[in-house]
Structures are given as C-alpha cells and as structure tokens.
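Chains as they are written, first to last, in this note's numbering: chain A, 478 to 591; chain B, 186 to 298.
In this text, a Cβ means the ideal position worked out from N, Cα and C, and glycines have one as well.
For reference, the structure discussed in these notes is given below.
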Amino acid sequence: DVKVTQSSRYLVKRTGEKVFLECVQDMDHENMFWYRQDPGLGLRLIYFSYDVKMKEKGDIPEGYSVSREKKERFSLILESASTNQTSMYLCASSSQQDLYQPQHFGDGTRLSIL
Amino acid sequence: KQEVTQIPAALSVPEGENLVLNCSFTDSAIYNLQWFRQDPGKGLTSLLLIQSSQREQTSGRLNASLDKSSGRSTLYIAASQPGDSATYLCAVRPFPGNTPLVFGKGTRLSVIA
Numbered sequence: 478d479v480k481v482t483q484s485s486r487y488l489v490k491r492t493g494e495k496v497f498l499e500c501v502q503d504m505d506h507e508n509m510f511w512y513r514q515d516p517g518l519g520l521r522l523i524y525f526s527y528d529v530k531m532k533e534k535g536d537i538p539e540g541y542s543v544s545r546e547k548k549e550r551f552s553l554i555l556e557s558a559s560t561n562q563t564s565m566y567l568c569a570s571s572s573q574q575d576l577y578q579p580q581h582f583g584d585g586t587r588l589s590i591l
Numbered sequence: 186k187q188e189v190t191q192i193p194a195a196l197s198v199p200e201g202e203n204l205v206l207n208c209s210f211t212d213s214a215i216y217n218l219q220w221f222r223q224d225p226g227k228g229l230t231s232l233l234l235i236q237s238s239q240r241e242q243t244s245g246r247l248n249a250s251l252d253k254s255s256g257r258s259t260l261y262i263a264a265s266q267p268g269d270s271a272t273y274l275c276a277v278r279p280f281p282g283n284t285p286l287v288f289g290k291g292t293r294l295s296v297i298a
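Right, dumping it as structure tokens:
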C-alpha cells in the first residue's frame with residue numbers, strides 16, 4: 478500500500494527555535510509538497526519540489542525553507558519558529574510520470590509554537 | 186488564477202439520506218479533478234479522481250461527476266451513514282498538468298444516526 482509518512486503527529490516547540498518536519502514517501506514519486514491547514518483558511522501550499530535538489534515556492538513560503546536531498550524525503554524547516562506558525566502541516570506526494578494517479582497525503586503534524 | 190469553491194461549508198443530514206456535495210472552479214482548463222476525505226486531525230484520503238475527458242467516476246456508494254464547461258463537480262453519496270461524517274475537499278489540477286493542485290476549503294459533513 479502507498480505510504481506518505483510524517484515523522485511526528487504532534488510537536489511542541491518554543492518561539493525562536495529551528496524546527497524540522499520530515500516527510501518520507503515509498504512510492505518513488507517525483508513530486509512532493511508541504512501544506513499548512515488552518516481553520517477557515519483551508520489548505521495553503523508552502524513549498525513543493527519536482528525533483529531532488531529542486532524546490533519551488535508555493536503561496537506562503539515566508540518563514541519556511543525546504544530540503545530535498547533524496548527522492549523519497551522532503552523536509553520542511555522553520556528557521557526561527559513563531560507563534561503564527563502554529564498549525565497542522567501536511568505533506569503530500571504525486572507521480573510526475575503518471576498524472577492520472579491521485580496525490581497522496583501523510584497523516585499530518587500538529588505543530589504548536591509556545 | 187484558478188479558484189475552487191465548495192458550498193455549503195457545513196452540512197448535517199439524517200442517516201440514510203442521499204446527498205450531494207458541490208464544487209465549482211473558475212477556469213475550465215483543468216487536467217483532472219480529485220475528491221478527498223479528511224477525518225478530524227488526520228491527513229487527506231483520495232476518494233475519486235476524474236480526468237477532464239470523463240463525465241463521472243464511481244466507487245461504492247460514491248459517485249463524482251464533472252461538467253468542465255460549467256466549471257462544476259458534484260460528489261453524490263448514497264444512503265449516508267454516520268461513518269461518512271468527515272470533511273470533503275475537492276481539488277483541480279490545472280493545465281499543463283504537472284502543476285500543484287488547487288483546493289477548495291471543503292464541506293464538513295455530519296450524518297446523524
């Protein structure tokens with residue numbers, strides 16, 4: 478069965494900390510995505526990547542960076558965490574070779590910044 | 186810029202009822218449309234994917250239709266059950282194809298026993 482795995486379901490950090498959220502997929506997908514989800518705002522795209530070492534800004538990249546050193550792993554980095562980054566973070570992956578296949582999501586990381 | 190709207194934001198129905206969830210999009214130039222389900226505190230699960238050339242897709246009690254020219258899709262749920270309670274999101278993949286999905290904000294469905 479296809480799987481997108483996010484390293485933590487819940488995470489509590491302090492303002493100013495550097496925070497790493499990890500995502501791994503086992504489907505050999507080229508495309509990987511990071512979203513945040515907030516009540517009333519829906520899903521918002523932070524960053525995405527179409528290949529190793531590549532990254533593209535989404536709609537709300539400010540305050541975030543990403544790393545894609547291996548095809549299966551896509552990391553989201555909060556350089557200096559702030560309380561307005563408290564949110565649900567969702568990772569997703571999809572095939573670039575077969576656009577008829579659906580996009581798959583991880584279970585999410587609920588991040589609280591105190 | 187493509188925009189996706191789902192109305193209503195929330196819906197409550199008695200168990201056993203057939204129901205329709207609506208999704209509209211502003212630009213008909215789409216590659217495909219995907220319906221997702223999200224349970225509270227969880228990620229999204231793909232339910233159905235309709236290619237732009239298709240009119241509908243079915244999976245069990247779920248049927249999704251697509252009218253590209255009018256910019257609309259519906260998700261029909263037959264004989265609803267309490268276990269169907271969740272948030273349902275639709276997303277379109279714009280042309281040329283390998284572009285990020287554009288999501289609606291979802292409809293929160295409650296099926297009352």
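Quiz item: For the region 244-258 of chain B against the region 555-567 of chain A, are there 3 or more C-beta pairs whose distance is under 8 Å?
Solution: no
Quiz item: So, are the CB atoms of Ser589 of chain A and His506 of chain A less than 8 Å apart?
Solution: Locating residue 589 of chain A in the first sequence gives position 112, where the first residue counts as 1. Locating residue 506 of chain A in the first sequence gives position 29, where the first residue counts as 1. Against a cut-off of 8 Å, the Cβ pair of His506 of chain A and Ser589 of chain A comes out as no contact.
Quiz item: If you check the beta carbons only, do Ile235 of chain B and Arg278 of chain B fall under 8 Å apart?
Solution: Position 50 of the second sequence, counted from the start, is the residue given in the question as residue 235 of chain B. Position 93 of the second sequence, counted from the start, is the residue given in the question as residue 278 of chain B. It is not a contact, given that the beta carbons lie outside the stated cut-off.
Quiz item: Using a Cβ-Cβ distance under 8 Å, would Gln239 of chain B count as near chain D?
Solution: In the structure shown, chain D cannot be found, because the protein chains are A and B.
Quiz item: For Phe210 of chain B, which residues in chain A fall below 8 Å Cβ to Cβ?
Solution: Sequence index remark: in the second sequence, residue 210 of chain B carries index 25 (1-based). What Phe210 of chain B touches in chain A: nothing, since even the nearest Cβ is about 14 Å away.
Quiz item: Which class does Gln578 of chain A belong to by DSSP, given the choice of helix, strand or coil?
Solution: The count along the first sequence starts at 1 and reaches residue 578 of chain A at position 101. DSSP places Gln578 of chain A in coil when its eight states are reduced to three.
Quiz item: In chain B, which residues lie with their C-beta within 8 Å of the C-beta of Phe510 of chain A?
Solution: Along the first sequence, one-based indexing puts residue 510 of chain A at 33. Those within 8 Å of Phe510 of chain A in chain B are Pro285.
Exercise. Within its chain, find whatever has a CB closer than 7 Å to the CB of Gly535 of chain A; leave out the 5 residues flanking it on each side and keep chain order.
Key: Position 58 of the first sequence, counting from 1, holds the residue named residue 535 of chain A. Correct list, in chain order: Leu522, Ile523, Tyr524, Phe525.
Quiz prompt | Residue closest to Val205 of chain B, alpha-carbon to alpha-carbon, out of B:Tyr273, B:Gly228, B:Thr259, B:Pro285 | solution = Looking up residue 205 of chain B in the second sequence gives position 20. Considering only B:Tyr273, B:Gly228, B:Thr259, B:Pro285, the residue with the shortest C-alpha distance to Val205 of chain B is B:Thr259.
Quiz item: For a contact meaning CB atoms closer than 7 Å, what does Leu520 of chain A contact in chain B?
Solution: Locating residue 520 of chain A in the first sequence gives position 43, where the first residue counts as 1. Simply Phe288.
Practice problem: Flag Asp505 of chain A as yes when its Cβ comes closer than 7 Å to any non-hydrogen atom of the ligand GTP, and as no otherwise. | Solution: This structure simply doesn't include the ligand GTP, nor any ligand for that matter.
Quiz item: Do Ser270 of chain B and Ser231 of chain B have their C-beta atoms closer together than 8 Å?
Solution: For the purposes of this step, residue 270 of chain B is taken as the residue at position 85 of the second sequence. For the purposes of this step, residue 231 of chain B is taken as the residue at position 46 of the second sequence. No, they are not a contact pair.
Self-check item: For Asn217 of chain B, the first and last residue of its enclosing beta strand (DSSP E)
Solution: Walking along the second sequence from the start, residue 217 of chain B turns up at place 32. Segment 215-223, the beta strand (DSSP E) holding Asn217 of chain B.
Self-check item: Of the residues A:Asp575, A:Ile554, A:Gln578, the one placed nearest Glu494 of chain A, counting alpha carbons only
Solution: By 1-based counting over the first sequence, the position of residue 494 of chain A is 17. For Glu494 of chain A, the nearest C-alpha among the options comes from A:Ile554.
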